[in-house]
Amino acid sequence: MKRRGRPGSSARIHARGSVSLEFVLVTPFLLMVLFGIVDVSMVLCDKAVITNAAGEAARQGVVLRVPSYTQTQIQNVALAYTKNSLVTSGTATSPTVSVTPTGGCASAGSSKPLQVNISYTYNGVVLGSAFSVITGPITVKAVAVKNCE
1 MKRRGRPGSS ARIHARGSVS LEFVLVTPFL LMVLFGIVDV SMVLCDKAVI
51 TNAAGEAARQ GVVLRVPSYT QTQIQNVALA YTKNSLVTSG TATSPTVSVT
101 PTGGCASAGS SKPLQVNISY TYNGVVLGSA FSVITGPITV KAVAVKNCE
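Straight run, no breaks: the sequence shown in the UniProt record's numbering ends on number 149.
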């Protein structure tokens, strides 16, 4: 007489094997989604930082003051704002800041617009750095326009 194991034990072993296989197949996808969420969140955080920096620099540039703020002083306000606030992955690149008109409010005159443009290259941390090899780096831009006093 053959001895048999408990009923359903071979089905349970087969089920354990299929669960392991499903775990192995689904885990990389879930990790990619998780790291993608982290990378997109970092890009959005950097976008908020450079938008605030552009607004702060434009606000500083339009203040009525004698002598008016120069282009370099306005750019330094934006760069100082972003210095310790941008999320980087160890490769810190400083943003590019441009002011229009180049002379600031002194050359624009009263109630004329002063525009501050900031451009920042985001290299990514995990998935962003892998995809930037294929697609190129992500450029995040912000513009702030205020009227001179």
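Where is the CB? At the ideal position from N, CA and C, for every residue including glycine.
None of the values given here were measured: they were computed from a predicted structure.
- Taken through DSSP and simplified to helix, strand or coil, Leu86 comes out as coil.
- Leaving aside the five residues that flank Ser132 on each side, the residues in its chain whose CB is nearer than 8 Å to its CB run, in chain order, Asn123, Gly124, Ile138.
- The beta-carbon distance between Leu25 and Val49, rounded to whole angstroms, is 38 Å. This is too long to meet the 8 Å contact definition.
- When secondary structure is reduced to three states using DSSP, Lys141 falls in the strand class.
- Three or more beta-carbon pairs separated by less than 8 Å link the region 90-107 to the region 53-71, which places the two stretches in contact.
- Listed in chain order, the non-local C-beta contacts of Ala57 below 6 Å within the same chain comprise Ile74, Val77, Ala78, Val116, local neighbours out to five positions each way being set aside.
- Judged by their CB atoms, Thr82 and Pro101 are not nearer to each other than the 8 Å cut-off.
- Nearest neighbour of Ala54 by Cα position, chosen from Ser119, Ser110, Asn84, Gly136, turns out to be Ser119.
- Nearest to Cys45 by C-alpha distance, out of Gly17, Leu114, Pro113, Thr88, is Thr88.
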